[in-house]
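Take a look at the structure set out below.
In our numbering, the protein residues as written are 166 to 317.
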């Protein structure tokens, strides 16, 4: 089903209430709309990720004897999301990450870094920042790290 770019004057799909052109337009991702009006977030794929996808497609073919079809889980052998999230949180703790960032990850499911900030909508970024501030307010953590204190 063909998809086209969202109109710049449309409400931003991130939920900010702003027009797309004044919110997420111009970031390193696009919102696309299909013929039924369903909106999708389109993030460019790195060469490295393309290679991972190709390898996983080959693994799928070896395992099931056919090409992946729409609706097939390409990463069929992965643990449940909850297990992966728990492992990530434990690794963050072992690495000594700022507990406010760990809390924000657990609350939002996001990991905001300097490297990926351009891929995050304004609304998601605001949710991340609010979670960091919530942790700091709750725990009296007035960290003197730089004002951006989301980076790790």
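Built from N, CA and C at the ideal position, the CB exists for glycine as well.
- DSSP, reduced to helix, strand and coil, places residue 275 outside both helices and strands of the structure shown, so it counts as coil.
- Ranked by how close their Cα comes to the Cα of residue 189, the residues 303, 291, 300, 237 have 291 in first place.
- The DSSP-derived three-state label of residue 171 is coil.
- Distance check between residue 206 and each of 229, 174, 170 places 170 closest, using alpha-carbon atoms only.
- With a cutoff of 7 angstroms on beta-carbon distance, residue 269 and residue 297 are scored as near each other.
- Burial check for residue 225: the Cβ neighbour count within 10 Å reaches 16 or more, so the residue is buried.
- Rounded to the nearest angstrom, the gap between the Cα atoms of residue 194 and residue 304 is 35 angstroms.
- Per the DSSP secondary-structure output, residue 185 pairs with nothing in a beta bridge.
- In the DSSP assignment, residue 253 falls outside any beta strand (DSSP E) and within the unbroken alpha helix (DSSP H) covering 246–259.
- Counting every other CB atom within 10 Å of its CB across the protein chains shown gives residue 266 a total of 16 or more, marking it as buried.
- 174 is the residue among 231, 288, 174, 264 whose C-alpha sits nearest the C-alpha of residue 186.
- Between residue 229 and residue 239, the alpha-carbon positions lie close to 11 angstroms from each other.
- For residue 197, the uninterrupted beta strand (DSSP E) run begins and ends at 195–199, by DSSP.
- In this structure, the alpha-carbon of residue 183 lies about 19 angstroms from that of residue 294.
- When DSSP states are grouped into helix, strand and coil, residue 204 belongs to the strand group.
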